[in-house]
Amino acid sequence: MRKLPVIQLIIFFFLSTLFLLSQYTLVYSGPEDDLENEIENTQEEVEEQESLLESIEARISEITSSNYTVSQQITMLNGEITKMQEAIDLKDADIEEKLEEIAAKEAILLEKKSLLSSVSSQLYVEGRLNSIDFFFSSSRIDEVIRVLFIK
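Numbering (this note's numbering), first residue to last: 7 to 157.
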């Protein structure tokens with residue numbers, strides 16, 4: 007066995023050390039951060055909904071424990087119900103609008119998918135034909151190199 011020069015040994019040890027160190031370094035991934043942000047946003051929304059629910063419950067208990075007559079309590083409760091119904095209707099309208107946007111984007115995606123599919127099939131056919139022409143052609147070397155690098 008022949009002796010390796012010092013430079014090759016240094017390069018070997020440097021690369022092996024670099025490889026081993028790269029195996030034990032921490033890698034932070036983007037999807038985990040995105041999931042954490044999504045969880046935080048969801049928790050904030052839940053807290054907002056809980057505070058809204060608590061305010062509604064407080065208003066209902068205030069109405070029922072007050073000195074109002076039953077008919078006044080019923081009208082107040084009906085008023086609260088109509089307010090809640092209006093809020094629900096607004097949310098439903100927002101949801102419908104977002105669903106329409108999603109449907110439009112899905113249609114665009116389907117169009118792009120079909121376009122990409124047709125382009126990829128055309129490229130595949132052209133690539134297959136070009137490789138057959140390449141192997142069975144008797145063209146000059148400069149044309150062969152041009153075909154290889156322009157592809």
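Cβ atoms here follow ideal geometry from the backbone N, Cα and C, with glycine treated the same way.
Fill in: Same chain, Cβ closer than 8 angstroms to E86, neighbours up to 5 away in sequence not counted
I62, R65, I66 and I69
Worksheet item: In three-state DSSP terms, what is T75?
Response: coil
Worksheet entry | Cβ of E132 within 7 angstroms of any chain C Cβ | In the structure shown, chain C cannot be found, because there is only a single protein chain.
Discussion item. Quick check: the Cα distance between E112 and E60, rounded to an integer number of angstroms?
Written reply: 39 angstroms
Worksheet item: Using the C-alpha atoms, what's the distance from K104 back to D40?
Response: 22 angstroms
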